[in-house]
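In UniProt numbering, the protein residues as written are 1 to 129. Virtual Cβ for every residue (Gly too), placed ideally from N, Cα, C. Note that the structure is a prediction, hence the values are computed from the model and not measured. Step one of this worksheet: look at the structure below.
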Amino acid sequence: MYNPQLPTDGSHAPKTSTLGSGVFNQQAERHGNERIRFLLKSFGLRTSLIRLKVIDALLTAAESDRSLGVRGVHSHLLDLDIPLSFLSVREVLKRLSGEGVITLNPDKSYSLHPQAAAVLYSEQSGLKA
């Protein structure tokens, strides 16, 4: 009998399934990314996975009172098993900086632009209300 949940290439499904936890993690991540999606939309930018991850890395660093440059963002993403090239990360940072979402600091680190932070945190407070 055909079971759509089993692979059809002759391989066997894993014995232990993490489907439930994976779905919950995706839902939690999607909810966490909603504020970044709103931020990008308010700047007239389309949402992409790399933009979400780069902005999230900068926000995570800021919450820990750290600053990240291109290498720091790239390393952070690699630590999270997000295989993006150094050049891709650099180009996204340059584009986000050019659009005014983030700023390049004198020490070559990046941070959220004050206007973008205002948009982001006003949306976040709106989500909690």
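The segment 46 to 65 makes contact with the segment 85 to 93; the number of CB pairs closer than 8 Å reaches 3 or more.
Apart from the 5 residues on each side of it in sequence, Val-101 sits with its Cβ closer than 8 Å to the Cβ of Leu-39, Leu-40, Phe-43, Leu-45, Ile-55, Leu-112, His-113, Ala-116 in its chain, given in chain order. Residues of the same chain with a CB within less than 8 Å of the CB of Asn-105, apart from the 5 flanking positions on each side, are Ser-67, Ser-111 in chain order. With respect to Leu-96, Arg-35 sits apart: the two C-beta atoms are not nearer than 8 Å. According to the DSSP assignment, Ile-102 belongs to the beta strand (DSSP E) that extends over 102 to 104. Relative to Val-70, the option among Arg-37, Lys-108, Ala-61 whose CA is nearest is Lys-108.
DSSP, reduced to helix, strand and coil, places Leu-93 within a helical segment of the structure shown. With 16 or more other Cβ atoms from the protein chains shown falling within 10 Å of its own Cβ, Leu-58 counts as buried. Look at Ser-75 here: in three-state DSSP terms it is helix. For Leu-80, the three-state secondary structure derived from DSSP is coil.
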